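Trainee: Can you keep this structure in mind? I'll have questions shortly.
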């Protein structure tokens, strides 16, 4: 069976490092050639909570879209996403792109609208796949990021998975987009 490139958005605002690393380990069980963008801290969008860590993963899979989405929901559940007493969002994993698919797939709309709405999705996508063309818009992610007017503050953060830093030093040392900055604490 042929492999399809997928892009996933990951985020957490509770025990962020623990849950994001657990999510990556689970993904490594059924995805191949996993690559991660830099990790950013951002204020929550749409919920009242503490700041999130967000990043994008590129990987390849032979799973059909709905099976991939089902497995992502299991990973979220394993990390407490659907626990009745949870106090935030331990782990969120969204399919952003599945190959070149465009449309509504049993309620899962691709490409995901958040790509164009949220800096914590678009900036990481522009870093991990700058030349990749958004299948719904026809522009590269780098161009979309350069042209975006998204008013959200992002701060690159140091983050490691399996002993490898995900956020490049040049991002951590302040060579960042003018839209990046410090978050209020």
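Numbering (the numbering used here), first residue to last: 19 to 203.
Note that the Cβ used here is the ideal one computed from N, Cα and C, for glycine as well.
All figures in this text were calculated on a predicted structure; none of them were measured in a lab.
#1: From the DSSP output, in three-state form, read off residue 191 for me.
#2: Who does residue 75 pair with in a DSSP beta bridge?
#3: Please state if the CB of residue 87 and the CB of residue 50 are separated by a distance shorter than 7 angstroms.
#4: Look up residue 174 in the DSSP assignment and say whether it is helix, strand or coil.
#5: Please report how far the alpha carbon of residue 182 lies from the alpha carbon of residue 63, in whole angstroms.
#6: If you draw a straight line from the alpha carbon of residue 106 to that of residue 92, how long is it in whole angstroms?
#7: To the nearest angstrom, how far is it from the Cα of residue 52 to the Cα of residue 78?
#8: Within the same chain, show all residues whose beta-carbon is closer than 7 angstroms to that of residue 158, passing over the 5 residues directly before and after it, in chain order.
#9: Counting only runs of 4+ residues fully inside the region 93-167, write out the alpha helix (DSSP H) ranges in chain order.
#10: Smallest Cα separation from residue 138: which of 82, 27, 177 and 100?
#11: Confirm, please, whether the CB-CB distance from residue 175 to residue 35 is below 7 angstroms.
#12: Between the C-alpha atoms of residue 83 and residue 133, what's the straight-line distance to the nearest angstrom?
#13: Under a Cβ-count criterion, where at least 16 other Cβ atoms within 10 Å of its own Cβ denotes burial, should residue 55 be classed as buried or exposed?
#14: Measuring straight from C-alpha to C-alpha, what distance separates residue 143 and residue 102?
#15: Buried or exposed, going by whether 16 or more other CB atoms sit within 10 Å of the CB of residue 46?
#16: In whole angstroms, give me the CA-to-CA distance for residue 163 and residue 140.
#17: Does DSSP put residue 35 in a helix, a strand or coil?
#18: Please look up how many angstroms separate the CB atoms of residue 146 and residue 57, rounded, as I've assumed it's under 8 angstroms.
#19: So is residue 108 buried or exposed if we call it buried at 16+ other beta carbons inside 10 Å?
Mentor: Judging by the given coordinates:
#1: As a position in the chain shown, residue 191 is number 173, starting the count at 1. DSSP places residue 191 in coil when its eight states are reduced to three.
#2: Position 57 of the chain shown, counted from the first residue, corresponds to residue 75. According to DSSP, residue 75 bridges with 26 and 54.
#3: In the chain shown, residue 50 corresponds to position 32, counting from 1. In the chain shown, residue 87 corresponds to position 69, counting from 1. No, the Cβ-Cβ distance between residue 50 and residue 87 is not below 7 angstroms.
#4: Stepping through the chain shown from its first residue, residue 174 is reached at position 156. Reduced to three states, the DSSP call for residue 174 is strand.
#5: Within the chain shown, residue 182 is the residue found at index 164, counting from 1. Within the chain shown, residue 63 is the residue found at index 45, counting from 1. Residue 182 and residue 63: Cα-Cα distance of roughly 29 angstroms.
#6: Walking along the chain shown from the start, residue 106 turns up at place 88. Walking along the chain shown from the start, residue 92 turns up at place 74. In a straight line, the C-alpha of residue 106 is about 18 angstroms away from that of residue 92.
#7: Start at 1 with the first residue of the chain shown, and residue 52 comes out as number 34. Start at 1 with the first residue of the chain shown, and residue 78 comes out as number 60. C-alpha separation (whole angstroms): 7 angstroms.
#8: Position 140 of the chain shown, counted from the start, is the residue given in the question as residue 158. Same-chain partners within the cutoff: 148, 149, 150 and 151.
#9: 132-135, 137-146 and 159-165
#10: By 1-based counting over the chain shown, the position of residue 138 is 120. Of 82, 27, 177 and 100, the smallest CA-CA separation from residue 138 is found for 27.
#11: Reading the chain shown from its first residue, position 17 is the one you call residue 35. Reading the chain shown from its first residue, position 157 is the one you call residue 175. Contact: no.
#12: Here residue 83 refers to the residue found at position 65 of the chain shown. Here residue 133 refers to the residue found at position 115 of the chain shown. Roughly 18 angstroms between the two C-alpha positions.
#13: Within the chain shown, the letter at position 37 stands for residue 55. Residue 55 should be labelled buried.
#14: As a working mapping, residue 143 is identified with position 125 in the chain shown. As a working mapping, residue 102 is identified with position 84 in the chain shown. Taking C-alpha positions only, residue 143 is separated from residue 102 by approximately 32 angstroms.
#15: Taking the first residue of the chain shown as position 1, residue 46 is located at position 28. It counts as exposed.
#16: Position 145 of the chain shown, counted from the start, is the residue given in the question as residue 163. Position 122 of the chain shown, counted from the start, is the residue given in the question as residue 140. Cα to Cα, residue 163 sits roughly 6 angstroms from residue 140.
#17: As a working mapping, residue 35 is identified with position 17 in the chain shown. If DSSP states are grouped into helix, strand and coil, residue 35 belongs with the helices.
#18: Residue mapping note: residue 146 aligns to position 128 of the chain shown, counting from 1. Residue mapping note: residue 57 aligns to position 39 of the chain shown, counting from 1. Actually they are not in contact, since the Cβ atoms of residue 146 and residue 57 sit about 11 angstroms apart, beyond 8 angstroms.
#19: Along the chain shown, one-based indexing puts residue 108 at 90. Under this definition residue 108 is a buried residue.
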